[in-house]
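Under our numbering, the final residue of the sequence shown carries the number 332; numbering is consecutive throughout.
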Amino acid sequence: MKALVISRLGDPGVLEVRAVPEPVPAPGQELIQVEAGGVNFADIMSAQGGYPGTPKPPLVAGREFCGIRLSDGQRVMGYTQWAAFAERVAAPAQLLWPVPKEWSVEEGAAFPVNYFTAYFAYWKAGVLEPAAGKAAPRVLIHAVAGGVGTAAVQIGKLLGAEMYGTSSSEEKLARVKTLGLQHGINYKQRDYEEAIKDLTQGEGVDAVFEMLGGEHTAKSVRCLRDFGRVIVYGAATGQPAQLDARMLYAKGASVHGLWLTYLSAKRELMNQAWKQLSAWTAQGHLRPVVGHVFPLERASEGYRLLLERKNFGKVVRKFA
Ligand SMILES: NC(=O)c1ccc[n+]([C@@H]2O[C@H](COP(=O)([O-])OP(=O)(O)OC[C@H]3O[C@@H](n4cnc5c(N)ncnc54)[C@H](OP(=O)(O)O)[C@@H]3O)[C@@H](O)[C@H]2O)c1
13 MKALVISRLG DPGVLEVRAV PEPVPAPGQE LIQVEAGGVN FADIMSAQGG
63 YPGTPKPPLV AGREFCGIRL SDGQRVMGYT QWAAFAERVA APAQLLWPVP
113 KEWSVEEGAA FPVNYFTAYF AYWKAGVLEP AAGKAAPRVL IHAVAGGVGT
163 AAVQIGKLLG AEMYGTSSSE EKLARVKTLG LQHGINYKQR DYEEAIKDLT
213 QGEGVDAVFE MLGGEHTAKS VRCLRDFGRV IVYGAATGQP AQLDARMLYA
263 KGASVHGLWL TYLSAKRELM NQAWKQLSAW TAQGHLRPVV GHVFPLERAS
313 EGYRLLLERK NFGKVVRKFA
């Protein structure tokens, strides 16, 4: 079968469409005929050799997909660690979910990573169930116009959150405002720490969703109000978080880690998350934002969009 293979570690050029052997499902796995795959920042890091636990190349890339479960013919969307960008994938049965009837295959492929990650970010921030009589939680979402960012805006709107989001582009911010973002901050034009100070009258936010790393972890802590939380879930700058933990004392602040790879093995947690996400979806509140669709053969273009910050929402690979 045809698959997108990381032939050796490196930049997007190392991706090759090749013929590989058919997967054989292990116990607890299902075989899926893949129709589309969602592209993640983690795919780029895997190809570059910077993603923890990546097997040695050559390996088939891709961690989420939409397709037909061959055992019952149902269209499902699913999550796996590798091997999703292939005509067929053997994937864990408990990480497959039915695709809402009105969604396209591209939308199905754009769901698992972004929506579970965004949901768990709110969970870790402690704002999933706002207390009665309490003011709306304020959340700063970095890369608000990206895959996880647009999912976080849709969920934040449902939670009644006051959302602040960063992006490098006015155009992207304008588009994400149509999803419900109230305050866009163009970090090319304005320091986001200053902007948060101004927009919150010096008080700060309850939570920051931080996926940049480097200096941004400490900067994000400085955006917090009393008892606020920074949810650390990525390092798009390529730099490890720089943080002197002593700065957390002052406001009783905390920093929390989030890794979907790890959480996806916690069946009860995943089931709880799906229960809420599927209920919101059935009510018509969630719909993945697919910004770009590429055929498998043009795989590296999708990776480059993310690297060059040119994507809006999700990049999806479509199979013929
Ligand atoms: N821990 C987890 O389980 C988990 C799960 C999913 C994703 N993540 C992380 O979440 C982040 C977003 O992932 P995604 O797949 O949804 O990507 P994405 O947000 O759709 O795309 C990346 C966006 O990040 C912004 N960005 C800011 N600084 C950047 C830099 N130095 N290099 C490249 N992009 C930069 C760009 O948007 P602007 O130009 O608008 O700033 C870019 O479009 C990544 O860091 C990823 O590793 C973590």
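Glycine included, C-beta positions come from ideal geometry on N, C-alpha and C.
These numbers come from a predicted model, not from an experiment.
Per DSSP, the bridge partner or partners of F77: Answer is G49, G90.
With burial defined as no fewer than 16 other Cβ atoms inside 10 Å of the residue's Cβ, what is the status of L82: buried or exposed? Exposed, by the Cβ-count rule.
Is any non-hydrogen atom of ligand 1 found closer than 8 Å to the C-beta of G214, if you look at the structure I gave you? Answer for G214: no, Cβ out of range of ligand 1.
Relative to ligand 1, is the shortest distance from any of its heavy atoms to the C-beta of S181 smaller than 8 Å? Within the cutoff, so yes.
Limits of the unbroken alpha helix (DSSP H) element including N198: No alpha helix (DSSP H) holds N198; the beta strand (DSSP E) holding it covers 195 to 198.
To the nearest angstrom, report how far apart V46 and F77 are at their CA atoms. C-alpha separation (whole angstroms): 7 Å.
Quick check: does the Cβ of M175 come within less than 8 Å of any heavy atom belonging to ligand 1? For ligand 1, not one heavy atom lies less than 8 Å from the Cβ of M175.
DSSP three-state call for M259: helix, strand or coil? The answer is helix: DSSP assigns M259 an H, G or I state.
Tell me whether L281, by its Cβ, gets closer than 8 Å to a heavy atom of ligand 1. No, ligand 1 has no heavy atom inside 8 Å of this Cβ.
Across which residues does DSSP place G325 in a beta bridge pair? According to DSSP, G325 bridges with G158.
Using DSSP bridges, identify the partner residues of E222. E222 pairs with V244.
Cα-Cα separation between A265 and R258, rounded to whole angstroms: Each residue's Cα considered, the two are about 10 Å apart.
Excluding the five sequence neighbours on either side, which residues of its own chain have a C-beta within less than 8 Å of the C-beta of P35, listed in chain order? The residues L43, A95, A98, R100, V101, A102, in chain order, have a CB closer than 8 Å to that of P35 in the same chain once the five nearest residues on each side in sequence are set aside.
Nearer than 8 Å: is that true of the beta carbon of V220 relative to any heavy atom of ligand 1? Incorrect: V220 has no Cβ contact closer than 8 Å to ligand 1.
Is it the case that the Cβ atoms of A248 and F128 are separated by a distance below 9 Å? No, these two residues do not count as a Cβ contact at 9 Å.
If you reduce the DSSP assignment to three classes, tell me which class H228 lands in. Note: H228 maps to helix in three-state DSSP.
I want to check one thing, is the minimum distance from the CB of A121 to the heavy atoms of ligand 1 below 8 Å? If you check the C-beta of A121 against ligand 1, you find no heavy atom less than 8 Å away.
Are three or more beta carbon pairs between the region 135 to 155 and the region 170 to 179 nearer than 8 Å? The region 135 to 155 makes contact with the region 170 to 179, as at least three CB pairs between them are under 8 Å.
If distances are taken between C-alpha atoms only, which option among G246, K184, R279 comes closest to K200? Checking every option, the nearest Cα to that of K200 belongs to K184.
Could you check if E222 is buried or exposed, using at least 16 other CB atoms within 10 Å of its CB as the buried criterion? Counting C-beta atoms within 10 angstroms of its own C-beta, E222 has 16 or more neighbours from the protein chains shown and is therefore classed as buried.
Spell out a yes or no on whether the region 319 to 326 and the region 296 to 308 are touching, meaning 3 or more CB-CB pairs, one atom from each, closer than 8 Å. The region 319 to 326 makes contact with the region 296 to 308; the number of CB pairs closer than 8 Å reaches 3 or more.
Using a 10 Å radius around the Cβ and a threshold of 16 neighbouring Cβ atoms, would you call A311 buried or exposed? Buried, because 16 or more other Cβ atoms sit within 10 Å of the Cβ of A311.
Below 8 Å on the Cβ atoms is my contact criterion, and I expect G55 with Y315 to pass it. Report the Cβ-Cβ distance as a whole number of Å. Note that residue 55 corresponds to Asp in the displayed sequence, not to Gly. Contact check for D55 and Y315: beta-carbon distance about 7 Å, within the 8 Å limit, so the pair qualifies.
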